[in-house]
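In our numbering, the protein residues as written are 505 to 760.
Below you can see the structure in the form of structure tokens.
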């Protein structure tokens with residue numbers, strides 16, 4: 505779709521960005537404009553010509569502080585937004601990529617790099633005061649308990665934060681099947697009362713610290729699927745409990 509400066513009003517998923525970014529522009533922001541508005545310290549977004557001149561792979565450019573960013577491209581624009589909201593975590597993921605590149609070379613994609621990329625594109629962080637219950641429900645694919653039994657907690661002390669920029673791109677035209685890969689993160693009680701921008705800052709620091717300490721991407725299948733349109737308040741159809749009966753979307757856990 506063409507540029508729409510009011511994209512945060514299209515639906516509640518994109519509405520999570522309202523008030524957090526300033527992109528009320530009449531036309532597509534180019535990488536230089538995104539750098540002025542969204543880039544964390546020590547980083548800038550660069551166009552195709554600059555990337556080509558560097559003569560390196562994407563992750564190697566990022567390690568130099570330059571993020572290749574296509575103009576008039578929703579995917580890359582949302583990538584810049586995530587750099588703005590999660591600078592510590594994004595930097596950590598690139599360091600993990602670079603560690604594997606140092607060992608295997610840039611052309612050889614390791615399984616760990618694939619898992620990092622999956623989270624980078626489709627990740628969601630569920631911040632909760634006590635992680636055990638949410639983790640168990642996600643592990644069991646108990647969607648009825650997760651989305652209906654615990655419905656009152658969503659938005660209160662179960663707070664979802666999109667990390668994967670591809671999810672925001674897909675949310676421009678939501679579809680049944682839209683699914684995140686979730687990490688459950690335990691946060692202190694006072695976190696949930698912070699202003700929204702403060703929650704992102706605290707979450708970013710904690711997420712980067714825990715991903716690093718837990719070496720999450722070193723093991724197979726570290727992420728849990730979470731049907732994004734099932735999140736209360738994020739999709740109008742889920743006000744009807746029958747919405748969750750679609751087993752092609754809310755899939756039961758496979759044995760083994």
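For each residue, glycine too, the CB sits at the ideal point set by N, CA and C. Remember, it's a predicted structure, so these values are computed and weren't measured experimentally.
- Distance from the CA of residue 759 to the CA of residue 563, rounded to the nearest whole angstrom, comes to 37 Å.
- Contact annotation: the region 605-613 touches the region 553-567, with at least three C-beta pairs closer than 8 Å.
- Here residue 570 carries a strand assignment [DSSP, helix/strand/coil].
- Counting the other CB atoms within 10 Å of its CB gives residue 680 a total below 16, which places it among the exposed residues.
- Just measuring C-alpha positions, the residue of 550, 740, 588 sitting nearest residue 534 is 550.
- Excluding its 5 nearest sequence neighbours in each direction, residue 728 has C-beta neighbours in its own chain below 6 Å: 642, 686, listed in chain order.
- According to the DSSP assignment, residue 548 belongs to the beta strand (DSSP E) that extends over 548-550.
- If the five residues before and after residue 628 are omitted, its C-beta is found closer than 8 Å to the C-beta atoms of 664, 665, 666, 667, 668, 671, 684, 685, 686, 687, 730, 732, all from its own chain and listed in chain order.
- Here the C-alpha atom of residue 604 lies approximately 14 Å from the C-alpha atom of residue 716.
- Runs of the alpha helix (DSSP H) lying entirely within the region 734-760, each at least 4 residues long, are absent.
- Contact annotation: the region 518-533 touches the region 574-589, with at least three C-beta pairs closer than 8 Å.
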